[in-house]
Amino acid sequence: MPIKSLSCHNGEGCDLSILHAFDKGAWFSTKTSVLKNHFLLASINKFGQLHYQDVTMGEMVGNYRTGLGRTAVMQVNPFNGVVGLGHSGGIVTMWKPTSSAPLVKMLCHHGPISALAFHPNGHLMATAGMDKKIKLWDLRKFEVLQTLPGHAKTLDFSQKGLLATGTGSFVQILGDFSGTENYSRYMGHSMAKGYQIGKVLFRPYEDVLSIGHSMGWSCILIPGSGEPNFDSWVANPFETSKQRREKEVHSLLDKLPPETIMLDPPRLVQ
């Protein structure tokens with residue numbers, strides 16, 4: 001369903017600001033994603049326009065026309081901050097806020113893209129298409145590693161690399177147990193008859209998969225999906241309220257500029 005406005009809330013639930021459609025050209029956004037290290041809000045609207053907005057200052061950082069029509073398939077690569085879009089022509093494009101042209105434009109399916117997900121290491125991408133195929137891609141060579149039969153409306157990678165696929169009322173978990181990026185079936189779960197799955201999402205640092213469906217929200221246990229060892233500098237489940245406030249200040253001070261978003265971040269060090 002298109003989004004007309006977006007509200008930002010703090011930890012206590014207070015409404016900090018309302019972004020009324022971001023600007024005139026961003027009415028009816030079909031998908032939004034947050035780039036947390038850059039404090040950017042990325043959105044794609046029904047006209048196929050990609051918007052980047054700085055949530056700290058409220059200013060527009062980028063506004064680009066994709067030229068590939070309407071889409072609601074968007075994911076952020078956690079490794080480099082690049083935004084991936086899946087289009088109706090079976091094409092996946094990758095964007096950064098400082099470029100009006102896509103960094104990558106690749107044909108992935110012979111039909112519309114229905115779902116997209118990035119592995120936490122940033123080098124592996126999973127796509128699902130209306131051609132009833134799920135493909136795994138090596139983003140270092142931009143070539144397909146594996147093609148699996150099946151349709152997926154939603155995809156998500158866990159911290160340990162398990163891949164959840166959801167379609168209809170069925171969830172399937174795939175895993176790479178050989179270490180060769182060759183995924184096979186690990187687990188399956190069927191919802192009650194009539195439930196239509198809309199979104200699957202792994203919880204970080206927990207062996208839990210959250211499932212959003214037509215009748216609400218459910219959780220199932222997926223052993224081995226979460227990272228058992230947390231880094232207190234990244235995520236500390238035992239932090240006090242004082243530490244949480246300090247963390248917010250430090251994250252603002254450590255905010256990365258949009259120019260640091262690129263396909264190969266290690267090049268910044270060279």
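Quick note: UniProt numbering has the sequence shown finishing at residue 270, numbered continuously throughout. Cβ coordinates follow ideal geometry from the N, Cα and C atoms, glycine included.
Tell me the residue span of the alpha helix (DSSP H) that contains residue i.
i	result
residue 247	241–253
Reducing DSSP to helix, strand and coil, say where residue i ends up.
i	result
residue 143	strand
residue 66	coil
residue 32	strand
residue 258	helix
residue 120	coil
residue 228	coil
residue 149	strand
residue 23	Model confidence at residue 23 stands at a pLDDT of 49, short of 50, so the residue's coordinates are unreliable; what they give is reported in the following sentence. Three-state result, residue 23: coil.
Within its chain, find whatever has a CB closer than 6 Å to the CB of residue i; leave out the 5 residues flanking it on each side and keep chain order.
i	result
residue 22	Annotation note: pLDDT 48 at residue 22 (below 50); position unreliable, coordinate value reported separately. Here the set comprises 51 and 53.
residue 265	80
residue 42	33, 52 and 83
residue 109	90, 129 and 131
residue 116	73, 75, 84, 86 and 127
residue 125	118, 137 and 139
residue 100	64
With respect to the beta strand (DSSP E) encompassing residue i, which residues constitute its N-terminal and C-terminal limits?
i	result
residue 135	133–138
residue 105	104–107
residue 233	Careful: residue 233 lies outside any beta strand (DSSP E) and carries neither H nor E.
residue 77	Unbroken run through residue 77: none, as it is neither H nor E.
residue 38	First-last for residue 38: undefined, no H or E at that position.
residue 156	154–157
residue 203	No beta strand (DSSP E) contains residue 203, which DSSP labels as neither H nor E.
residue 171	170–175
residue 189	184–190
residue 55	No beta strand (DSSP E) holds residue 55; DSSP gives it neither H nor E.
Counting only the same chain and skipping the five closest in sequence on each side, list residues whose C-beta sits under 7 Å from that of residue i.
i	result
residue 120	78, 157 and 159
residue 123	138, 139 and 140
residue 39	54, 55, 56 and 255
residue 132	149, 150 and 151
residue 186	162, 173, 174 and 175
residue 61	40, 52, 53, 54, 97 and 258
Enumerate in chain order the residues of its own chain whose CB-to-CB distance from residue i is below 8 Å, with the five nearest sequence positions on each side excluded.
i	result
residue 169	190, 191, 192, 193, 194, 195, 196, 197 and 213
residue 88	68, 69, 70, 71, 112 and 113
residue 200	154, 155, 156, 164, 165, 166, 171, 209, 210, 211 and 212
residue 48	65, 66, 67, 68, 69, 70 and 71
Give me the Cβ distance between residue i and residue j, rounded to the nearest whole Å; I'm assuming they're in contact under 8 Å.
i	j	result
residue 106	residue 92	5 Å
residue 206	residue 226	5 Å
residue 147	residue 155	Residue 147 to residue 155, Cβ: 14 Å. No contact.
residue 85	residue 96	At roughly 12 Å, the Cβ-Cβ gap does not stay under 8 Å, so residue 85 and residue 96 are not in contact.
Looking at the C-beta of residue i, does it have a partner C-beta in chain D at a distance below 9 Å?
i	result
residue 246	Here chain D cannot be found, since the structure has a single protein chain.
Exercise for the section: Count the CB pairs spanning the region 233–252 and the region 72–86 that are closer than 8 Å, and state whether there are at least three. Expected result: no
Exercise for the section: Say whether the region 211–222 touches the region 251–259, bearing in mind that this needs 3 or more beta-carbon pairs closer than 8 Å, one atom from each stretch. Expected result: no
Problem - Any 3 or more C-beta pairs closer than 8 Å across the region 223–231 and the region 61–74 - result: no
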